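Encoded as structure tokens, the structure appears first; notes follow it.
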Amino acid sequence: MIDYDKLMNSTAKRIKPSGIRKFFDIAHEMEDVISLSVGEPDFHTPWHIREAGIASLEKGRTRYTPNRGFMQLRTEIARFLARHYGVEYEPESQVLVTVGGSEAIDLCVRSLVNPGEEVLIPEPSFVCYVPITQMAGGVPVIIETGPENGFKLTAEQLEAKITDRTKLLILPYPNNPTGAVMSREDLAEIAQVVERHNLLVLSDEIYAALTYTREGHVTFASLPGMWERTVVVNGFSKAHSMTGWRLGYAAGPKEIISLMTKLHQFAIMSAPTTSQYAAIEALKNGDEDIAYMRGQYDMRRRLIVDGLNNMGLKCFEPEGAFYVFPSVKSTGLTSMEFSEKLIYGKHVAVVPGDAFGASGEGFVRISYSYSIKHITEALNRMEAFLAEL
Amino acid sequence: MAMEQILELLQDEAKLSANQLAVMLGETEENVRKAIARYEREGVINGYHALINWERTETQKATALIELRVSPQKDTGFDEIAGRVMNFPEVESVYLMSGGYDLAVTVAGRTMQDIAMFVSKRLATIDGVLSTATHFVLTKYKDGGVIFNSDYEEIDERGSNLCD
Numbered sequence: 001m002i003d004y005d006k007l008m009n010s011t012a013k014r015i016k017p018s019g020i021r022k023f024f025d026i027a028h029e030m031e032d033v034i035s036l037s038v039g040e041p042d043f044h045t046p047w048h049i050r051e052a053g054i055a056s057l058e059k060g061r062t063r064y065t066p067n068r069g070f071m072q073l074r075t076e077i078a079r080f081l082a083r084h085y086g087v088e089y090e091p092e093s094q095v096l097v098t099v100g101g102s103e104a105i106d107l108c109v110r111s112l113v114n115p116g117e118e119v120l121i122p123e124p125s126f127v128c129y130v131p132i133t134q135m136a137g138g139v140p141v142i143i144e145t146g147p148e149n150g151f152k153l154t155a156e157q158l159e160a161k162i163t164d165r166t167k168l169l170i171l172p173y174p175n176n177p178t179g180a181v182m183s184r185e186d187l188a189e190i191a192q193v194v195e196r197h198n199l200l201v202l203s204d205e206i207y208a209a210l211t212y213t214r215e216g217h218v219t220f221a222s223l224p225g226m227w228e229r230t231v232v233v234n235g236f237s238k239a240h241s242m243t244g245w246r247l248g249y250a251a252g253p254k255e256i257i258s259l260m261t262k263l264h265q266f267a268i269m270s271a272p273t274t275s276q277y278a279a280i281e282a283l284k285n286g287d288e289d290i291a292y293m294r295g296q297y298d299m300r301r302r303l304i305v306d307g308l309n310n311m312g313l314k315c316f317e318p319e320g321a322f323y324v325f326p327s328v329k330s331t332g333l334t335s336m337e338f339s340e341k342l343i344y345g346k347h348v349a350v351v352p353g354d355a356f357g358a359s360g361e362g363f364v365r366i367s368y369s370y371s372i373k374h375i376t377e378a379l380n381r382m383e384a385f386l387a388e389l
Numbered sequence: 001m002a003m004e005q006i007l008e009l010l011q012d013e014a015k016l017s018a019n020q021l022a023v024m025l026g027e028t029e030e031n032v033r034k035a036i037a038r039y040e041r042e043g044v045i046n047g048y049h050a051l052i053n054w055e056r057t058e059t060q061k062a063t064a065l066i067e068l069r070v071s072p073q074k075d076t077g078f079d080e081i082a083g084r085v086m087n088f089p090e091v092e093s094v095y096l097m098s099g100g101y102d103l104a105v106t107v108a109g110r111t112m113q114d115i116a117m118f119v120s121k122r123l124a125t126i127d128g129v130l131s132t133a134t135h136f137v138l139t140k141y142k143d144g145g146v147i148f149n150s151d152y153e154e155i156d157e158r159g160s161n162l163c164d
């Protein structure tokens with residue numbers, strides 16, 4: 001008998017499984033469940049983008065692409081970043097096409113962090129930063145953000161966690177699960193600390209296109225002195241409703257991008273060819289799709305925030321992504337208890353906030369990546385649920 | 001104008017309240033009420049109907065699409081004949097078409113036979129109607145933007161990714 005447990009990697013074994021799983025499993029077994037739990041767009045990939053993928057298949061374009069991704073795609077990515085966020089990258093050497101934003105995050109952390117070095121991770125946030133850091137041999141250092149600052153990262157919170165082993169700060173804004181957005185003013189304070197302590201920054205801006213503020217999304221790389229210190233991660237999943245195409249990218253200084261490319265070429269070779277053809281079309285002719293979808297999400301956002309506040313679940317106004325993060329403290333229940341009672345009692349699935357870090361306790365993540373009809377029905381059920389509590 | 005978004009929202013979901021619309025559009029409830037009242041008055045909004053799939057009820061219903069070729073009248077063009085056609089309560093819609101025929105008329109009745117009789121007795125006999133062609137609807141897959149047949153209903157396949 002082989003004792004696999006003894007043979008397998010101990011760091012990998014120690015990684016905590018994702019806390020989102022449980023509610024998906026329960027929801028899958030129930031009929032008439034209204035789910036507000038998923039983290040991907042409900043819109044289909046716009047047809048002109050799908051068609052570009054299909055056309056490439058019809059022409060037999062089914063081989064590897066260059067390791068970094070097609071030059072035409074990298075050129076369009078650079079144009080997109082310049083057009084929307086005012087930052088310049090050379091397509092030849094400062095852009096890498098990856099398998100989703102997640103691969104870019106993994107490559108970036110592995111390229112920058114030496115064993116024992118600390119990675120600052122604001123929480124609540126996307127569940128992958130901690131495991132990726134652990135597998136790279138880095139030490140995750142959690143910065144707990146809270147509702148008093150609208151779940152934004154403040155300079156004081158950041159400063160308090162910096163040691164002489166700190167290497168990298170991850171900036172996850174617009175934020176999953178809280179919907180928090182950092183304005184230029186907020187980022188300027190962070191930039192000062194980053195400069196003073198000579199840190200590098202991984203700015204995960206996958207939800208950039210879904211920012212509802214008047215100012216719009218501000219990329220961290222556009223702040224004075226920050227371009228040189230920042231790897232920007234973005235992609236097609238959220239902006240163009242292309243989750244299943246698995247396509248993202250990283251943009252940053254040439255030296256870091258080349259090291260990331262080296263790791264990418266050994267593990268992945270190149271991102272999917274069909275997806276790259278589709279993505280070129282998305283960037284060339286997709287700005288209107290983005291504006292349309294953002295408009296739709298924005299209306300749902302207002303509706304759900306108003307509904308939750310009216311029923312007594314206080315939520316600060318989320319300004320990005322497609323999540324609201326209301327407090328359930330008024331019910332006297334923990335995040336987990338609230339979510340369990342809600343799904344068993346009214347068949348509405350949400351995700352307990354502590355799945356995104358301990359500081360998410362007392363909150364639940366509600367996705368509004370659903371139709372108005374679906375959201376309205378879910379709100380009605382939640383209102384009834386609270387009345388019976 | 002931002003208020004025109006009310007129309008698109010109501011077209012999808014007529015049950016949205018003025019309050020919900022106001023919240024979604026960042027408008028006051030009063031402004032939304034006023035805009036809706038104006039749209040109703042000006043004939044922009046012409047009613048709020050339920051989309052019913054009669055095939056799932058006990059009630060028998062038949063629908064047909066009738067192509068009418070007509071000779072346009074000297075002063076009134078197609079308007080006069082269209083006016084005569086649309087006055088019948090059996091007629092659900094009348095469109096003036098480009099192409100091989102002139103008026104597309106949808107007619108509802110209890111049975112196909114009822115409709116056939118209606119066409120031959122009422123529509124074919126109108127002065128200026130040159131010919132009719134009746135096409136019966138066998139099943140409605142989608143109507144008013146809504147998919148009726150559950151075999152084709154979209155299933156939300158999301159929820160299998162355990163990270164995002």
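Same order as they appear, the protein sequences are chains W and X. Here the first sequence stands for residues 1 to 389, numbered as in our numbering. Here the second sequence stands for residues 1 to 164, numbered as in our numbering. Note that the Cβ used here is the ideal one computed from N, Cα and C, for glycine as well. In this text, all values refer to a predicted model and were calculated from it rather than measured experimentally.
Determine the direct distance from the alpha carbon of GLU90 of chain X to that of SER160 of chain X, and round the result to whole angstroms.
-> For the purposes of this step, residue 160 of chain X is taken as residue 160 along the second sequence, with counting starting at 1. For the purposes of this step, residue 90 of chain X is taken as residue 90 along the second sequence, with counting starting at 1. So the alpha carbons of these two residues sit roughly 49 Å apart.
Consider the C-beta atom of GLY60 of chain W and the heavy atoms of the ligand MN; say whether any pair is separated by less than 7 Å.
-> Among the components modelled here there is no ligand, and therefore nothing to report on the ligand MN.
Residue-chain proximity (ASN161 of chain X, chain W), Cβ-Cβ < 8 Å = The count along the second sequence starts at 1 and reaches residue 161 of chain X at position 161. Closer than 8 Å to some Cβ of chain W, the Cβ of ASN161 of chain X qualifies, so yes.
In chain X, which residues lie with their C-beta within 8 Å of the C-beta of LYS341 of chain W?
-> Locating residue 341 of chain W in the first sequence gives position 341, where the first residue counts as 1. Counting only Cβ-Cβ distances below 8 Å, LYS341 of chain W has no contacts in chain X at all, with the closest Cβ about 20 Å away.
Exposed or buried, which one is TYR297 of chain W when buried takes at least 16 other CB atoms within 10 Å?
-> Counting from 1 along the first sequence, the entry for residue 297 of chain W is found at position 297. TYR297 of chain W should be labelled buried.
Any C-beta of chain W under 8 Å from that of GLN11 of chain X = What you label residue 11 of chain X is simply residue 11 of the second sequence in a count that begins at 1. GLN11 of chain X does not count as touching chain W.
So, is VAL44 of chain X buried or exposed, given that buried needs 16 or more other C-beta atoms within 10 angstroms?
-> Residue 44 of chain X sits at position 44 when you count from the first residue of the second sequence. Under this definition VAL44 of chain X is an exposed residue.
For GLY26 of chain X, return the contacting residues in chain W, with the cut-off set at a CB-CB distance below 8 Å.
-> Taking the second sequence and counting its residues from 1, one reaches residue 26 of chain X at position 26. Those are ARG302, listed as they occur along chain W.
Check each candidate in X:LEU51, X:ALA37, X:GLY77, X:THR106 and name the one with the smallest Cα separation from ILE62 of chain X.
-> Position 62 of the second sequence, counting from 1, holds the residue named residue 62 of chain X. Just to set this straight, residue 62 of chain X is Ala in the shown sequence, not Ile. Across the set X:LEU51, X:ALA37, X:GLY77, X:THR106, the C-alpha of X:THR106 shows the shortest separation from the C-alpha of ALA62 of chain X.
Which residues in the same chain as VAL119 of chain X place their Cβ atom closer than 8 Å to its Cβ, once the five residues preceding and following it in sequence are excluded?
-> If you number the second sequence from 1, residue 119 of chain X lands on position 119. Excluding its 5 nearest sequence neighbours in each direction, VAL119 of chain X has C-beta neighbours in its own chain below 8 Å: ALA64, ILE66, VAL107, THR132, THR134, listed in chain order.
If PHE96 of chain W and GLY69 of chain W are in contact, beta carbons under 8 Å, what's the gap, nearest whole angstrom?
-> Translated into positions along the first sequence, residue 96 of chain W becomes position 96. Translated into positions along the first sequence, residue 69 of chain W becomes position 69. The residue you asked about is not Phe; residue 96 of chain W is Leu in the sequence shown. Their Cβ separation, rounded to whole angstroms, is 7 Å, which keeps LEU96 of chain W and GLY69 of chain W in contact under 8 Å.
Within 10 angstroms of its Cβ, does ILE52 of chain X collect 16 or more other Cβ (buried), or is it exposed?
-> Position 52 of the second sequence holds residue 52 of chain X. With fewer than 16 Cβ atoms within 10 Å of its Cβ, ILE52 of chain X is classed as exposed.
Sorted by chain position, which residues of the same chain lie with C-beta nearer than 7 Å to GLY252 of chain W's C-beta, five sequence neighbours on each side aside?
-> Working through the first sequence from its first residue, we reach residue 252 of chain W at position 252. Around GLY252 of chain W: GLN94, THR230, VAL231, VAL232.
Are the region 193–202 of chain W and the region 157–166 of chain W touching, with three or more C-beta to C-beta distances below 8 Å?
-> With a cut-off of 8 Å, the region 157–166 of chain W and the region 193–202 of chain W count as touching, because enough Cβ pairs lie within range.
For ALA27 of chain W, the first and last residue of its enclosing alpha helix (DSSP H) = Translated into positions along the first sequence, residue 27 of chain W becomes position 27. Counting along the chain, ALA27 of chain W sits inside the alpha helix (DSSP H) bounded by residues 21–29.
Of the residues that make up the region 124–139 of chain W, which ones have a beta carbon closer than 7 Å to any beta carbon in chain X?
-> Within the region 124–139 of chain W, the residues whose Cβ lies closer than 7 Å to some Cβ of chain X are VAL127, CYS128, listed in chain order.
Using Cβ-Cβ distances below 8 Å, what residues of the region 21–36 of chain W are close to chain X?
-> Correct list: ARG21, PHE24, ALA27, HIS28, SER35.
Of the residues W:LYS167, W:ILE343, W:ALA155, W:GLU205, which one's Cα is nearest the Cα of GLU185 of chain W?
-> For the purposes of this step, residue 185 of chain W is taken as residue 185 along the first sequence, with counting starting at 1. It is W:ALA155.
Flag MET299 of chain W as yes if its beta-carbon sits less than 8 Å from any beta-carbon of chain X, otherwise no.
-> To locate residue 299 of chain W, count along the first sequence from 1; it is residue 299. MET299 of chain W counts as touching chain X.
Determine whether the Cβ of GLN113 of chain X lies closer than 8 Å to any Cβ atom of chain W.
-> Numbered from 1 along the second sequence, position 113 holds the residue referred to as residue 113 of chain X. Closer than 8 Å to the CB of GLN113 of chain X there is not a single CB belonging to chain W.
Rounded to whole angstroms, what's the CA-CA distance from SER98 of chain X to ALA22 of chain X? Just pull it up for me.
-> Taking the first residue of the second sequence as 1, we reach residue 98 of chain X at position 98. Taking the first residue of the second sequence as 1, we reach residue 22 of chain X at position 22. Taking the straight line from one Cα to the other gives about 40 Å.
So, helix, strand or coil for PHE151 of chain W, using DSSP?
-> Position 151 of the first sequence, counted from the first residue, corresponds to residue 151 of chain W. Residue state for PHE151 of chain W is assigned as coil, using DSSP reduced to three classes.
Go ahead and label TYR212 of chain W buried or exposed: buried means 16 or more other beta carbons lie within 10 angstroms of its beta carbon, across all protein chains shown.
-> Here the question's residue 212 of chain W lines up with position 212 in the first sequence. Looking at its Cβ environment, which holds 16 or more other Cβ atoms inside 10 Å, TYR212 of chain W is buried.
With a cut-off of 8 Å, does the C-beta of GLY116 of chain W fall near any C-beta of chain X?
-> What you label residue 116 of chain W is simply residue 116 of the first sequence in a count that begins at 1. Between GLY116 of chain W and chain X, the shortest Cβ-Cβ separation is not below 8 Å.
Residue interval of the alpha helix (DSSP H) (run including GLY307 of chain W) | Numbered from 1 along the first sequence, position 307 holds the residue referred to as residue 307 of chain W. Counted as a single uninterrupted DSSP element, the alpha helix (DSSP H) harbouring GLY307 of chain W occupies residues 287–310.
Could you check the C-alpha separation between PRO131 of chain W and PHE151 of chain W for me, to the nearest Å?
-> Here residue 131 of chain W refers to the residue found at position 131 when the first sequence is read from its first residue. Here residue 151 of chain W refers to the residue found at position 151 when the first sequence is read from its first residue. The straight-line gap from Cα to Cα measures roughly 22 Å.
Short Cβ contact (8 Å threshold) for GLU40 of chain W with ASP164 of chain X | Start at 1 with the first residue of the first sequence, and residue 40 of chain W comes out as number 40. Start at 1 with the first residue of the second sequence, and residue 164 of chain X comes out as number 164. Yes.
Under the rule that 16 or more other beta-carbon atoms within 10 Å means buried, what is TYR323 of chain W, buried or exposed?
-> By 1-based counting over the first sequence, the position of residue 323 of chain W is 323. So TYR323 of chain W ends up on the buried side.
Would you say LYS373 of chain W reaches chain X, if we count a Cβ-Cβ gap shorter than 8 Å as a contact?
-> Counted from its first residue, the first sequence places residue 373 of chain W at position 373. LYS373 of chain W counts as touching chain X.
Start and end of the beta strand (DSSP E) containing LYS373 of chain W?
-> As a first step, residue 373 of chain W is located in the first sequence; it is residue number 373 there, counting from the start. Careful: LYS373 of chain W lies outside any beta strand (DSSP E), inside the alpha helix (DSSP H) at 372–388.
To the nearest whole angstrom, what separates the beta carbons of ASP354 of chain W and GLY345 of chain W, a pair I think is in contact under 8 Å?
-> Here residue 354 of chain W refers to the residue found at position 354 when the first sequence is read from its first residue. Here residue 345 of chain W refers to the residue found at position 345 when the first sequence is read from its first residue. Your pair ASP354 of chain W and GLY345 of chain W does not check out as a contact, with CB atoms roughly 20 Å apart and the cut at 8 Å.
Could you run through the region 320–333 of chain W and flag, in chain order, every residue whose CB is less than 8 Å away from some CB of chain X?
-> Within the region 320–333 of chain W, no residue has a Cβ that lies closer than 8 Å to any Cβ of chain X.
Beta-carbon proximity list for GLU76 of chain W, same chain, < 7 Å, skipping 5 on both sides = Numbered from its first residue, the first sequence carries residue 76 of chain W at position 76. If you ignore the 5 residues before and after GLU76 of chain W, its C-beta comes within less than 7 Å of the C-beta of ILE280, LEU283, LYS284, all in its own chain and listed in chain order.
Mapping DSSP to helix, strand and coil, what is GLN73 of chain X?
-> What you label residue 73 of chain X is simply residue 73 of the second sequence in a count that begins at 1. In the three-state reduction of the DSSP assignment, GLN73 of chain X falls in the strand class, which pools E and B.
Can you have a look at LYS74 of chain X and say buried or exposed, based on whether 16 or more other CB atoms are within 10 angstroms of its CB?
-> One-based indexing of the second sequence puts residue 74 of chain X at position 74. By the C-beta density criterion, LYS74 of chain X is exposed, having fewer than 16 other C-beta atoms within 10 angstroms.
For the region 26–48 of chain X, which residues have a beta carbon sitting closer than 8 Å to at least one beta carbon of chain W?
-> Per Cβ criterion, the list reads GLY26.
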